[in-house]
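So the sequence shown is numbered by the numbering used here: it starts at 3 and just counts up by one.
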Amino acid sequence: MSNLNNEYPNAVLLTLDGNVNLTLDDNSVKRSTLGVRKAAETETSPVQIIITELLPETYGVVLRKSGPSRESLGSFVVNENVKFSCQERSRIVELAVHDENLHALVTDYRLQFKNELDWLECVRLLEQAKSQRALRKLRLQENLKIAEAKDIVPEEFAAEEYVQDQED
Numbered sequence: 003m004s005n006l007n008n009e010y011p012n013a014v015l016l017t018l019d020g021n022v023n024l025t026l027d028d029n030s031v032k033r034s035t036l037g038v039r040k041a042a043e044t045e046t047s048p049v050q051i052i053i054t055e056l057l058p059e060t061y062g063v064v065l066r067k068s069g070p071s072r073e074s075l076g077s078f079v080v081n082e083n084v085k086f087s088c089q090e091r092s093r094i095v096e097l098a099v100h101d102e103n104l105h106a107l108v109t110d111y112r113l114q115f116k117n118e119l120d121w122l123e124c125v126r127l128l129e130q131a132k133s134q135r136a137l138r139k140l141r142l143q144e145n146l147k148i149a150e151a152k153d154i155v156p157e158e159f160a161a162e163e164y165v166q167d168q169e170d
């Protein structure tokens, strides 16, 4: 097995300072059970976006304030808890990141890109991450069904030895 620490994390998108503005619903927007959004303060600021491959077929997003402080505004793994949409004309990506522990807690990020190529690459990478995650989930389910249907023998045991042990 290769040393994953040497290969990961691997940044695949790094926007320049000031090329993206973030509108963030402050303190994680809480949605009621009826789906009505409670009032929340919003804040808009220039940010740097880093999309990184954390492990094979697993991506994460890091949002940092632009400028010398580089303060982190949030980070998350792109998985089934992340929903995104995009608006081509205005070069906007909207992300809803659900907290795994609290179903009713969600953070909404609205990213407006000044650079069209960065916007396109961000959309492509998010779609790729979501697709790979879904495909991996399907593969895992299929392999589990195959494992359940077969009498799987560990490779270190010969099939005959395994059969003899079963008969004893």
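Backbone N, C-alpha and C fix where the C-beta goes; we use that ideal spot for every residue, glycine too.
None of the values given here were measured: they were computed from a predicted structure.
query	result
Leu137 - containing alpha helix (DSSP H), residue span	Glu118 to Ala151
Contact the region 78–85 vs the region 94–103: 3+ CB pairs below 8 Å	yes
Chain-order list of residues whose beta-carbon lies under 7 Å from that of Ile53 (same chain, five-residue window excluded)	Val14, Leu15, Tyr61, Val63, Cys124 and Leu127
Same chain, Cβ closer than 8 Å to Arg138, five either side skipped, listed in chain order	Glu59
Secondary structure of Glu9, DSSP reduced to three states	helix
Run of the beta strand (DSSP E) containing Thr60, from where it starts to where it stops	Thr60 to Lys67
Residue of Leu18, Val22 and Cys88 minimising C-alpha distance to Glu129	Cys88
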